[in-house]
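Visitor: Residue numbers (the working numbering): 56 to 403.
In this text, a Cβ means the ideal position worked out from N, Cα and C, and glycines have one as well.
Let me give you the structure first, and then I'll get to my questions.
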């Protein structure tokens, strides 16, 4: 049954991210490498003195501008990976304590997804389990634009580092990255490992399922449960439960078996079609792009976890014209059905 829609959403100009959390660690990393603080904060609307008060809240677009400034001023290939390793479990109050006391990988990932707005505010995380694998899918919550690859690198490094630290061993993650192999691919080998698949249909991490329930040392069940409850209470204090793009993604995925048009979707989101288009444009996207992303996400789940054939996927997504489905699949994933089957056979 589709979830009931909220009447409000976090948007790219919503000030809800504590500046002394993830943004501060980025600033500290840049300062440690000699970046001038004024250049670092240029155009962000931030002042270092305000961040030090512990009361400043910033919007995603300010955080993204800060990341862009760091990329421009540092020009170091390892920045995103080093930053990601600092971000989880992190020092973000009870949300971080909930991660630190996870009993196993499944509990850690479930808490990471549940508390993602506190722990990883700029990207959407989706956990998927099937008979053989655990999948972590990454999406864009606020229109990351040119900072998307940086955030994906940082996010994957964060989960890799967190799972290694808390489990006491390096887990054999396989990384699917939608961008082309970069010139600095050696940084991926150092910080993520050698199981890398560039130019993939989606940004995903994959691991054999039998790692999910292996007990982690140092966990406290009581402390973890209490911290998670307090983290959920912190979420309830935010201006809205999730971002507009995340809400739209969930809405579209739940209704992909029926015709989806902008006008009807806007009505369900309690706004005019023009307002929805304007809000999506503000986030650097549009309705068709969001619909394609939802279809691509569902198609890959059907192929990867349910073993559907291309005809079954086309039927599920309400395509009666197989030629149209082939063209659409290539637009979503860059691959035709026959090419995608070959790609899938090479998966972990």
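#1: How big is the Cα-Cα spacing for residue 393 and residue 376?
#2: Quick check on the burial criterion: 16 or more other C-beta atoms within 10 angstroms. Buried or exposed for residue 231?
#3: With residue 169 as the anchor, note down where its alpha helix (DSSP H) starts and where it stops.
#4: With respect to the alpha helix (DSSP H) encompassing residue 405, which residues constitute its N-terminal and C-terminal limits?
#5: On a CA-only basis, which of 135, 170, 179, 100 is nearest residue 302? Give me that one, please.
#6: Who are the near neighbours of residue 396 in its chain, counting only those whose CB is closer than 8 Å to its CB and skipping five residues on each side?
#7: Counting only runs that start and end within the region 87 to 161, where is the alpha helix (DSSP H) found for 4 or more residues in a row?
#8: What is the DSSP secondary structure of residue 296, counted as helix, strand or coil?
#9: Kindly indicate which residue of 240, 238, 211, 141 has the alpha-carbon position closest to the one of residue 228.
#10: Might you give, ordered along the chain, the residues of its own chain that have their beta carbon closer than 7 Å to the beta carbon of residue 369, omitting 5 neighbours on each side?
#11: Give me the residue from 323, 342, 367 with the minimum Cα distance to residue 354.
#12: By Cβ distance, which residues of its chain are closer than 6 Å to residue 403, with the 5 residues on each side in sequence left out?
#13: Which residues bound the alpha helix (DSSP H) around residue 178?
#14: Determine the DSSP secondary structure at residue 230, reduced to helix, strand or coil.
#15: Given this structure, state the Cα-to-Cα distance separating residue 130 from residue 91, to the nearest angstrom.
#16: Between residue 188 and residue 264, is the Cβ-Cβ spacing less than 8 Å?
#17: Assuming residue 257 and residue 352 make a contact with CB atoms under 8 Å, what is their CB distance in whole Å?
#18: Taking the alpha carbon of residue 278 as the reference point, which residue from 149, 138, 63, 118 has its own alpha carbon closest?
Guide: So, from the data block:
#1: Within the chain shown, residue 393 is the residue found at index 338, counting from 1. Within the chain shown, residue 376 is the residue found at index 321, counting from 1. Taking the straight line from one Cα to the other gives about 17 Å.
#2: For the purposes of this step, residue 231 is identified with residue 176 of the chain shown, where counting begins at 1. Using a 10 angstroms sphere on the CB of residue 231, the tally of other CB atoms reaches 16 or more, which defines it as buried.
#3: Sequence index remark: in the chain shown, residue 169 carries index 114 (1-based). Its alpha helix (DSSP H) spans residues 160 to 169.
#4: One cannot answer for residue 405 here, as it falls past the ends of the chain, which runs 56 to 403.
#5: Residue numbering aside, residue 302 sits at position 247 when the chain shown is read from its first letter. Closest by alpha carbon: 179.
#6: Indexing the chain shown from 1 puts residue 396 at position 341. Correct list, in chain order: 365.
#7: 92 to 96, 103 to 107, 115 to 129, 134 to 142, 149 to 155
#8: For the purposes of this step, residue 296 is taken as the residue at position 241 of the chain shown. DSSP places residue 296 in coil when its eight states are reduced to three.
#9: Working through the chain shown from its first residue, we reach residue 228 at position 173. It is 211 whose Cα lies nearest to the Cα of residue 228.
#10: For this step, residue 369 is matched to residue 314 along the chain shown. Counting only Cβ-Cβ distances below 7 Å, and skipping sequence neighbours, we find 377, 380.
#11: Your numbering for residue 354 matches position 299 in the chain shown. It is 367 whose Cα lies nearest to the Cα of residue 354.
#12: As a working note, residue 403 is residue 348 in the chain shown. Residue placement at residue 403 is poorly supported in this model, since its pLDDT is 46, which falls under 50; the coordinates still yield a value, given next. So the qualifying residues of the chain are 229, 261.
#13: Residue 178 sits at position 123 when you count from the first residue of the chain shown. No alpha helix (DSSP H) holds residue 178; the beta strand (DSSP E) holding it covers 178 to 184.
#14: Taking the first residue of the chain shown as position 1, residue 230 is located at position 175. If DSSP states are grouped into helix, strand and coil, residue 230 belongs with the strands.
#15: The residue labelled residue 130 in the question sits at position 75 within the chain shown. The residue labelled residue 91 in the question sits at position 36 within the chain shown. If I take the Cα positions, the gap works out to 14 Å.
#16: Taking the chain shown and counting its residues from 1, the one referred to as residue 188 is at position 133. Taking the chain shown and counting its residues from 1, the one referred to as residue 264 is at position 209. Yes, Cβ-Cβ distance for residue 188 and residue 264 is below 8 Å.
#17: Working through the chain shown from its first residue, we reach residue 257 at position 202. Working through the chain shown from its first residue, we reach residue 352 at position 297. Between residue 257 and residue 352 a beta carbon distance of about 7 Å is seen, short of the 8 Å cut, so the two are scored as contacting.
#18: To locate residue 278, count along the chain shown from 1; it is residue 223. Looking at the Cα atoms, 149 is the closest of the given residues.
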